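With the first letter of the sequence shown counted as 1, position 213 gets the number 262 in our numbering; the numbers rise by one all the way through.
Each remark here refers to the structure printed beneath this line.
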Amino acid sequence: MANLYFGTGSPIGVIDINETGALPGSRLQMGLVNQQGFAHHLISHRDICFNAANGFFFFRRNNVAGDPNNFTDLVTISQNGDMRVQGRLTATAKSFSIPHPLDPAHLRLVHGSIEGPEHAVLYRGQGRLERGTTTVTLPDYFESLTAEHGRTVQLTPLCHDDQPISALAASQVRNGSFTVRGVDSANPSQAFYWEVKAVRSDVEPLQVEVSRSPVESAAEPALV
């Protein structure tokens with residue numbers, strides 16, 4: 050049995066659904082406060098909110114029961130479609146779809162995301178040897194953001210007209226930088242592209258193979 054109340058007091062109008070049957074105390078409130086619509090579950094302390102003043106949509110968690118000002122925004126969607134998620138975002142496939150740069154009136158351009166078994170970051174740029182060697186400095190936050198193991202450097206020598214080309218080698222990344230040297234003396238001013246990949250250290254390692262939940266297995270049987 051559920052009780053339904055309608056209120057139109059100032060400044061709040063509320064629909065209050067109070068379950069008194071098998072799950073006593075399971076209660077859902079919906080209403081409008083200061084131009085912000087909300088649905089609040091009193092047991093899980095989860096809110097779904099819409100701010101009419103600026104067009105933001107929130108899914109939030111109350112950190113302290115009974116304190117509406119102590120909360121964490123778990124999902125935020127702005128009026129222009131930007132979305133922020135506090136936690137992990139998982140999808141079967143991720144892609145972008147934009148108006149085609151050559152024919153935006155008739156076509157869309159779709160690209161898929163590159164996936165991998167780790168939470169990785171990538172930095173790239175261009176450099177040039179000076180008398181056969183040079184040092185590339187990464188952003189100052191690189192050491193704090195990434196794990197020391199698993200860092201890789203890739204180099205691509207550039208060719209200019211008929212200038213000689215030198216093969217290149219890179220050191221390991223330490224203290225936010227790495228050294229590039231020419232393997233030979235053919236071009237002591239060899240230009241190159243560089244690319245650094247690393248694994249984030251601020252999050253738990255990605256669990257690559259996980260067991261299917263009973264609910265998932267029942268709803269979506271595995272392919273034979």
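Glycine included, every Cβ here is placed at the ideal spot set by N, Cα and C.
All of these numbers come straight from a predicted model, not from anything done at the bench.
Close Cβ partners of glycine 225 (< 7 Å) along its chain, the five nearest in sequence each way excluded
Excluding the 5 residues flanking it on each side, glycine 225 has same chain C-beta neighbours closer than 7 Å at Thr186, Leu187, Asp189, Phe191 and Glu192, in chain order.
Taking only runs of the beta strand (DSSP E) that begin and end inside the stretch 214-253, which ones reach a length of at least 3 residues, in chain order?
You should have 217-219, 226-231 and 240-248.
Kindly confirm or deny that the stretch 159-175 and the stretch 212-224 touch, where touching means at least three C-beta pairs closer than 8 Å.
At 8 Å Cβ cutoff, the stretches do not touch.
Return yes when the Cβ of phenylalanine 105 is within less than 9 Å of the Cβ of threonine 125, no when it is not.
Phenylalanine 105 sits close to threonine 125, with the two beta carbons spaced by under 9 Å.
Using DSSP with H/G/I as helix, E/B as strand and the rest coil, what is proline 263?
Three-state result, proline 263: helix.
In the structure shown, what three-state DSSP assignment does leucine 194 receive?
Leucine 194: helix per DSSP, three-state reduction.
Which first and last residues belong to the beta strand (DSSP E) in which proline 206 is found?
First-last of the beta strand (DSSP E) with proline 206: 201-206.
Should the stretch 202-213 be regarded as contacting the stretch 148-156, the criterion being three or more beta carbon pairs within less than 8 Å?
Three or more beta-carbon pairs separated by less than 8 Å are not found between the stretch 202-213 and the stretch 148-156, which leaves the two stretches without contact.
Is the Cβ-Cβ distance between alanine 247 and isoleucine 214 less than 9 Å?
Not closer than 9 Å, so no.
Going by the DSSP bridge assignment, what does alanine 154 pair with across the sheet?
Answer is none; alanine 154 lacks a bridge partner.
Beta bridge counterpart(s) of glycine 176 as assigned by DSSP:
Phe241.
Measuring CA to CA, which of Thr121, Phe107, Ala142 and Thr139 is closest to aspartate 131?
Here the closest residue by C-alpha is Phe107.
In its own chain, which residues sit with a C-beta less than 7 Å from the C-beta of threonine 183, not counting the 5 before and 5 after it?
Within the same chain, Cβ atoms closer than 7 Å to the Cβ of threonine 183 are found at Gly176, Arg177 and Val229, the five residues on either side in sequence being excluded.
So, is threonine 195 buried or exposed, given that buried needs 16 or more other C-beta atoms within 10 angstroms?
Buried, since its Cβ has 16 or more Cβ neighbours within 10 Å.
Please name the residue or residues paired with leucine 171 in a DSSP beta bridge.
Note: leucine 171 sits in a beta bridge opposite Lys246.
Could you name the residues that DSSP lists as bridge partners for threonine 186?
According to DSSP, threonine 186 bridges with Ser226.
Opening and closing residue of the beta strand (DSSP E) in which aspartate 210 lies
First-last for aspartate 210: undefined, no H or E at that position.
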